[in-house]
Each structure stands twice: as structure tokens, then as C-alpha cells.
Amino acid sequence: MSHHHSLKQAAIAVGLLLATYVHADTGKLSFDIPAEPLEQAVNRIAKQANVQVLLASRLVNGKTSPVLKGEYTAREALEKLLAGSGLTIQDKGDNSFIITAEPQKDSRLPEVNVTVSKDNTNNNLTENTGLYTVQQATVGGKMGESLRETPRSISVITRQQLDDQRMLNFYDAIIQLPGVTSSVGTLNREENQFFSRGNRLDNIMADGLSISTRSMTDGDARGGGTNTGMAKFDSVQLLRGPDALFSGNGQPSGSINLVRKHPTNELQIKTALSGGSWNNYAGEFDLSSPLTETGNIRGRLVAARNTSDHFYESANSRKTMVYGIVDADLTPNTLLSVGASKDTSHGAPDLPPGFPRYTTGEALKISRSTGYPSWAKRDLDTENYFATLEQKLGDNWKLKTGISDTKNDGESWVPYYNGAVDPSTLLSKASSGHVSWKSEVQAFDINLTGIFSLFERQHKLAIGFDQSKAKQHSLVYTAPTGIAVTRDISYSDFDEDNIVSYNYVPSWENASKYQQSGLYAYGQFELIKDIKLILGGRYASFKAWSNGFNYDLTHRAAYDKVQDTSGIFTPYYALMWNLTTEWTSYISMTESYEDQSRYFNASQQALNPTTGRSWEIGLKGEHFNGHLNSSVAIYRSLRKNYAVYLNGDPSFSLPGRNCCYAGDGKFLSQGLELEISGALTHNWQINAGYTYDDNTTEYGTDAGNRYASYTPKHMLKLWSSYQLSGSLSSLRVGGGVQAQSSSYRSGSVNTWNPTGGLSGTGAFDGPTVPYDFMASGRAIWNAFAEYKFDEHWAAALNINNAFDKRYHQTVYDTNGNNFYGVPRSMMLTLRGTF
């Protein structure tokens, strides 16, 4: 390997982005450089002196150079610029220099073992870095800033951690994020939903463009854009708190951004084969290469396959994923990226059955392997097409345009286990259903970002426009007239195959369309040295249409506009103070809004949007040249005008809407978040986050009670790996825990009425019975070991739920929707890298 290539490797290992290649000239030169962004000034010197300077943009963001005038050698000029900046210059010989941070007096920079990324043009990517932290994050912004530079609470799971934990699907990755919990069955019984800071987490994006209908449909969307194999993604980023500035409609919970893999500058081949519990087999192939001799066009193809049985009785499920992307340098300053992916999931449902509880609130005493009849299945196909065009405008500005189109097509045949179980008889009910659905999300964004100088200070600016369109269609099937689909079952001798399916016929259709668009602006202004003011705002509109009608092949009702709101303004304010070269404090205020047009009040008028405001105070640390990040945040979020159910209205018959609600709900969420991610030493990686969330109802008779009682107050997510040394240096070991405190459910359910319902067969319309039960806290421990045979091959063993904890991943009510968590499982993986 050449000296030149080695230098590039060292530079990339600390996140270097700027490299100027020229010829040698060691004499003194006459310089006349005004005060300007430090990175720009360094670039001027490099070009004028014909030397190579390697510099991490992250180290100089927000720094301004002094005026430089006079005759100096290249090194002398650079030293003048860096005086007092906390940076130092190293002469690498051969007219090459590298600029790094000055060593901390109270800590030693760990000698982190970081593998060189073959994509040295994008600091947002984490692949091949070996780190559990990221140099830059794009969630919650458009400029790609370090975690320390973003005055919001952000978590990231890198490609290295995704591989170490062998996260194959969307659920596994999201549930590992600090402060995130999941629930099944709150809106439909076949979908996971996620919660952050006591609110539902609906905004799901890929490279900053929406891929989920949930963010525009009050969460009531099948498919939801979550049928996403993780092999095509580089990292997962979570912003906690309102994100109306860039995501628009949504709850004050946050947003998830999935960062796609991109082609590498050199040939790279990766493979992985896995086998594990319950016949769980997975394979991946990942090929990346330049497509032209000059490398100005690069391509990547990723394919994955996963077949599995389950810990519960069911048929086999089959998942495939194919992803392709091409990056083309149309000019030295113009980058075009185009790509597509297709995910399929066919066969048995991936979620275990949701069971009822005893009428006392206790969990059923049944085996975790109790599952589905052999006919149960859930199929979902998802396609995504995308393109981005980036144009550099000079040294400090960039214009970026992106489009995305995501389509979901699904169908399910599943049984439902309904009705609280009498402990003395062990009797309950079961039914079955058939639903098909389609949805599509189209997203567009154009933005201009850059750095400029004003009053001898450096500032950043992002302005743009975005638009999202979503539509969905559901078709509900029922059994033929005269056939009761609800059957008696007994949990004393339960057999899932006794539940039968029928030749269902179409019964009810529902369709909705949504559109939102907005102008946004975000500025980071340096008031005085080390203090920055952040101002942002979004001016948006939201439109919604819906229909719903009895199924009729010869007639389709027209869409009815139910909401047309414009002039929605959501501000964003923040103040940051760089306390030292390592620590930054901040305070921020953000707002949210969410459409509630499908909810109507007693006067049969659509409710106004629910709004939220969140305050956050935090301290962020960036240590060891960005290889370790830490943060602490205290937040307080108030949500108002939320739809609260009052009663039904038999005269209300508008399709696709619900009555009757009052828009006076008011909820408070406040708490504490602690995180640390990255390299503690040269061979020890960690990603850990603790969350304390205290949410309460602020209105009516429930004032003072916890409104999201199904989310725990305390959560800890931790994962760590350690590479041994000496004769055991080929071995890495690690593990982690997902721990949470108790949660509870309370309310009332209708009992079974044996004389009511369709054709006298009975229905759950009997007297209401209250319930109040606690789901105990839990700690799920996982372990990991990897042995590297040589530079190409490695084998890893993952053990999840190592102590075989028996628990419910979701508790709902006594009637149903209580889902068991996964028992102990193992997976062995063989990896190849070339």
C-alpha cells in the first residue's frame, strides 16, 4: 500500500472530508486571506501553496479564521490560522499535512481500531467504520451535522451494531433505540406500533423522505412502510420530540430516518449466512463496485432471503429483499443517485397471536407455543423507487432534490382470540377475518443548504420545500350470510386448528387520500464566539379526502374532502453554547401538529388539529475526535386539543369518520434521557441509553393519572462489544440488555352476550366489566461472540433472551391483544468480506 493511500486511510478514520491534491512547493509565499470560515481558509492555503491538507470538516464547523497577511511557508500559514482554535497540524512529509484536535489534558485519546470506509465522500455513512456512533446525522435537519452540533435528542444504530446484533428486520432495529417501546393491537391487530416520550412514533423516512402512510392517517394504516429488510440500510437514526419542521403532520414523539447504503469507491463484496432457532435461516449478498474505469459511476446490489418457523405454532414465513442503487458523478460538482428496492413477506404472520386474559386480569396459563391454525397467513409486498440530485454551488453551498415512491400491497387471513376467560370454566371465543389493502406514499423535497459569513461570523442556512401524498384502500371480507364466524373455544384443551376459515366475500371498503406540503427554513447563527442561535419555521398546508361504503362492484363513491387547512406555522428555536472544545449545552423549543379530521364532535363538525409544544435542555459531549458521543437531556412536552371519545351517535353515518369526540384532551410528558455511544477505548464499543418518562393527563376526571400507562417510566437499552487482545485478538465478545419498569392497563370491556348479536349467535355487547392489571418490569439479556479467522472470514454467535424470560411484549386488556415475547433463541452467522 502506498504512502499516499495510507495517509488517506488515516484521514478517513477520523472522519476526514476535505482533501486537496496538488504538487509540492516549499518556499515562502505571500498570503492575503480575509476572516472567513476556517475550512475555506485552509483550502485557500492548500491550493496556493500546492500542498495536500487533510481535515475533518466536523472539527472546524462554526470556526472562523483570523486575517492572514504576509509571507509564510505553508506550515507557518496553517499554524497562524489554527492559533487558539484547539486544533493542531502534523507534517506527514511529502508536502502533506493533517489537522487534528489538540489532545485533551484530562483524557487520553483511545487508539480506536476503525476500519477504513471505502466510501470517503459521505460522513453520514457508518459502514466499515467499526463504530457504534456516527460522524454526522441527517435526522432532524438537512445539513448533516454531528450529534453535538444538533440541539435535539438523537440516537443512532450504526451498521456495525446492526451486524453485531444480527438485526434482520425493522422491528428488531427500532426496538433497540433508547426510549422506544412497542405495542401491538392498539389500532389493528396485525401491526406493531412504536412510542417515544409517551406518544405514537409514526414519521418513518428513508434518506429524509417519507415512506409510511402512518404519519398522515392517525397511525391507522396496515403495512405502514415497515416491511423493510435491514440489509439495505447503513444506519437507523431517531430524533425524539416534535419534528414538524421537516416531517410535518405527526405527534410530538419524534421521527425515524433510515439511511440507505451507497456504492463504494472500490470493489467490495460481502456475504452472510445464518441459521438459528425454529429453522430460522438467512442469507445476504452485497456487491458494490465502480461501473466505469474512472469510477465516476458506481453501483451497488444487495439481496437477502430469510425463511423461518416461529416459537408459536404456525406455517413457515418467507421474506426476500432486493435493493439496487447507482451513484453517478455527472460533473465534479453534480451527484445523481437513483435506486429501487422490493421487500416481500409471505406466509405465517410474524407476530404471535394476541390472547385474552382471565377476567381477574391475570395472564392465561398457556404455552408460549400456542399459535395459529395452518391456514393463517399474512402477505405484504413493498416497493420503493427513489432518486436524488445534489449540485454543489461553490465551496459552501449545495442544492439537493429528492423524490420517493413507496407502494404496499397486502392481504391477511388470521384468527382473533377474543373475550376475557373465566378462570373456572376456561371458556372464551375465537373468530377469523380476511382483509386486503393497498397504499402508496409519494414524497418530494428540494432544499438549499450552505455556510456564509456575516459580521466576521460564520453561519449556516437551510431553506426548502417538501410535499407528501398518501393514499390507502382497504377491503374487509366477511363470511357468507348466515354463518357465524365467532366460535366457542376452551383453553383447557386448546387446539388452534379447531378454528376454521371460510370462503369470505367482500363486505366493506374504505379509502383515504392525504396531501401535505410546506415551506421550511432553518438557520444557525453565531452571535458571539461559541454561542449560536438557531431559528426555524415551517409554513404548511394539509388536505384529506376519504370514502367508505358497502362493497359493490358496479359503484364507487367519490372521495369526500374532509379537511383543507392552510397557514399552519410551526416554529423552532434553540440556543447552543460551546462550553469547551468537548462540551456543548443547549436549550430548544419545538412544536407539532396532527390532523384530526376523521374525528367529529357532537355537532358533526371535524375537529381541529391537535398541537404540541416541547422544551428541551441538554448537554452534549464529543470525545476522542468524535469517536465517542454523550448526552443528557431534560424535556417537557405539552399536547393540547386532542380528540377524546364522548359517545356514539346512531344518526352519524359519514363513511371513514368517527363520532363523537371532544377536542379538549391535554397531556403532559416530561423526563430525562442519558446516552453514550461509540468507543470507550481502542477495543471497547458501547451504545447505551437510559430514559425516564413521566406522562400525565391534564384534563377531566383523569387529571393526574398516567395517560400512556402502557409505556414504562424507566427504560434502559444497552449493547456493547469488546475485542480481546494478545493471543485472543481474533475474538470479540459482547452483549446487552433491554430493561424496563412495570406498566399497567385499566378500563372496562363488554362481556359476552349469549342472546344478542347476529342471528342470535351472540356478541360482545353484554354488561361492561372493569379491569385493572399490572405488567411487571423485565430485563431481557442478550449475548454475542465473534471469531475472525482471517481478514475475509468471521463467525458469530448471538443468543437473545439468554435467561429465557417469560414476558408479554404487549399487554392490552382482558378481552385480547396480549402478545408473548420471544423465548431464548440462538443464531450462528458466517460472514465473508472481500
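Residue numbering for the sequence shown follows the numbering used here, beginning at 987 and increasing consecutively. Quick reminder that beta carbons are idealized off the backbone N, C-alpha and C, glycines included. Given the structure is predicted, the values throughout are model-derived calculations rather than measurements.
Coarse secondary structure for residue i, derived from DSSP in three states
| i | result |
| --- | --- |
| R1817 | strand |
| T1687 | helix |
| Q1146 | helix |
| W1361 | coil |
| N1155 | strand |
| R1200 | helix |
| D1635 | coil |
| T1800 | coil |
| F1083 | strand |
| D1481 | coil |
| G1712 | helix |
| V1312 | strand |
| I1517 | strand |
| S1239 | coil |
| I1475 | strand |
Check whether residue i and residue j have beta carbons under 9 Å apart
| i | j | result |
| --- | --- | --- |
| V1245 | N1110 | yes |
| A1373 | L1413 | no |
| N984 | F1770 | Absent from the structure is residue 984, since the part of the chain shown begins at 987 and ends at 1820. |
| F1180 | I1197 | no |
| G1651 | T1596 | yes |
| Y1506 | A1448 | yes |
| I1031 | V1053 | no |
| V1797 | R1692 | no |
| E1442 | N1394 | no |
| N1768 | W1705 | yes |
| T1257 | E1270 | yes |
| Y1696 | S1169 | yes |
| E1482 | Y1371 | no |
| S1476 | T1411 | yes |
| G1215 | K1305 | yes |
| S1600 | S1578 | yes |
Sheet register partners of residue i (DSSP bridge)
| i | result |
| --- | --- |
| V1723 | L1704, W1767 |
| K1378 | K1384 |
| M1575 | Y1559, W1601 |
| H1794 | Y1806 |
| E1369 | K1328, K1393 |
| H1445 | F1438, F1511 |
Enclosing alpha helix (DSSP H) for residue i [first to last residue]
| i | result |
| --- | --- |
| K1066 | 1060-1068 |
| E1025 | 1024-1035 |
Same chain, Cβ closer than 8 Å to residue i, neighbours up to 5 away in sequence not counted
| i | result |
| --- | --- |
| S1727 | P1698, K1699, H1700, M1701, G1763 |
| R1094 | Interpretation of R1094 is limited by its pLDDT of 44, a score under 50 that renders its predicted location unreliable; the figure taken from the coordinates is listed afterwards. Nothing listed; no residue qualifies. |
| T1124 | N1110, G1130, D1193, G1194, Q1223, N1243, V1245 |
| T1320 | L1375, E1376, Q1377, K1378 |
Own chain partners of residue i with C-beta closer than 6 Å, once the 5 adjacent residues on each side are dropped
| i | result |
| --- | --- |
| S1139 | R1226, A1619, E1659 |
| P1409 | Y1344 |
| R1810 | N1787, D1790 |
| Y1793 | R1764, G1807 |
| S1460 | W1423, N1496 |
| E1397 | D1365, S1422 |
| L1654 | L1624, T1682, E1684 |
| F1232 | none |
| S1016 | E1057 |
| K1386 | E1376, N1433 |
| M1813 | R1152, S1260, G1262, N1784 |
Beta strand (DSSP E) segment containing residue i, residue limits
| i | result |
| --- | --- |
| Y1631 | 1614-1631 |
| W1422 | Per the sequence shown, residue 1422 should be read as Ser rather than Trp. Looking at the DSSP string, the run of the beta strand (DSSP E) that includes S1422 is 1413-1440. |
| A1217 | Premise fails: A1217 is in no beta strand (DSSP E) and is neither H nor E. |
| F1759 | 1754-1761 |
| A1560 | 1546-1564 |
| S1233 | Premise fails: S1233 lies in the alpha helix (DSSP H), 1230-1233, not in any beta strand (DSSP E). |
| Q1179 | 1178-1182 |
| V1039 | 1038-1041 |
| L1783 | 1779-1786 |
| G1657 | 1647-1667 |
| G1285 | 1283-1294 |
| G1262 | 1254-1262 |
| G1227 | Looking at the DSSP string, G1227 is not in any beta strand (DSSP E), and its letter there is neither H nor E. |
| S1168 | 1166-1170 |
Chain B contact for residue i (CB, 9 Å cutoff)
| i | result |
| --- | --- |
| S1294 | In summary, chain B is missing from the structure at hand, where a single protein chain is found. |
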